[in-house]
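As numbered in the numbering used here, residues 4 to 139 make up the sequence shown, in order.
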Amino acid sequence: MLGQHVAPLPAGLIGYGTGPVMASADSLNVTLHGHGAHGSRPEAAIDPVVMAANIVTRLQGIVAREVPLAQPAVVTVGRLQAGTKDSIIPDTAELGIGISTYTPQIRDLVRAAVERIVHAESAASAAVSEPDRARP
Numbered sequence: 004m005l006g007q008h009v010a011p012l013p014a015g016l017i018g019y020g021t022g023p024v025m026a027s028a029d030s031l032n033v034t035l036h037g038h039g040a041h042g043s044r045p046e047a048a049i050d051p052v053v054m055a056a057n058i059v060t061r062l063q064g065i066v067a068r069e070v071p072l073a074q075p076a077v078v079t080v081g082r083l084q085a086g087t088k089d090s091i092i093p094d095t096a097e098l099g100i101g102i103s104t105y106t107p108q109i110r111d112l113v114r115a116a117v118e119r120i121v122h123a124e125s126a127a128s129a130a131v132s133e134p135d136r137a138r139p
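See the structure below:
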């Protein structure tokens, strides 16, 4: 089998190994639902940007605190999009989340943790509806 992706090898060099060499990759698109308002009246809003920021921070603890040390895993938030104006709190925020793991067990653990965190922060923020999740 031949696989290519990102590796720290110089051009023209071929690397090989036994056992797992490359990780699985999952991508999740999550839409968080708040309630927009003018920035001068944040009390009238349910701010999906703050919700998203809390989720991003919390996701960084999955690998550090839930995945066994000897098991490689990565959780990346590569996209956070919300709003179009500096002084307007938007109705929604979107996160693009990437997950890389080497075993089905760790993949399941990390995916479940991402789901738990996204839903818990959404509930804690009094979101107007459950987050939407879609694969890209």
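A virtual CB, placed ideally from N, CA and C, is assigned to each residue, including glycine. Every value quoted in this text rests on a predicted model; they were computed, and no experiment measured them.
Kindly list the residues whose CB is nearer than 8 Å to the CB of residue i, restricted to its own chain and excluding five residues on each side of it in sequence; keep chain order.
i	result
V113	I65, V66, E69, V70, A76, V78, I102, T104
G42	D89, S90, I91, I92
Go through its chain and collect everything with a Cβ distance to residue i's Cβ below 7 Å, but skip five positions before and after it.
i	result
A130	L35, H36, G37, I49, M54
I58	L98, I120, V121, E124
In terms of DSSP beta bridges, what is residue i paired with?
i	result
E97	T34, Q84
S103	A28, V77
A40	I92
R136	V33
I49	H38
Here's the rule: buried if 16 or more other CB atoms are within 10 angstroms of the residue's CB, otherwise exposed. What is residue i?
i	result
L72	exposed
L12	exposed
T95	buried
Mind checking whether residue i and residue j have CB atoms under 8 Å apart?
i	j	result
A86	V52	A quick correction: the sequence has Gly, not Ala, at residue 86. The answer is yes: Cβ separation under 8 Å.
R110	V33	no
L62	V24	no
Which residues in the same chain as residue i place their Cβ atom closer than 6 Å to its Cβ, once the five residues preceding and following it in sequence are excluded?
i	result
L83	A55, L98
Q74	I109
A28	S103
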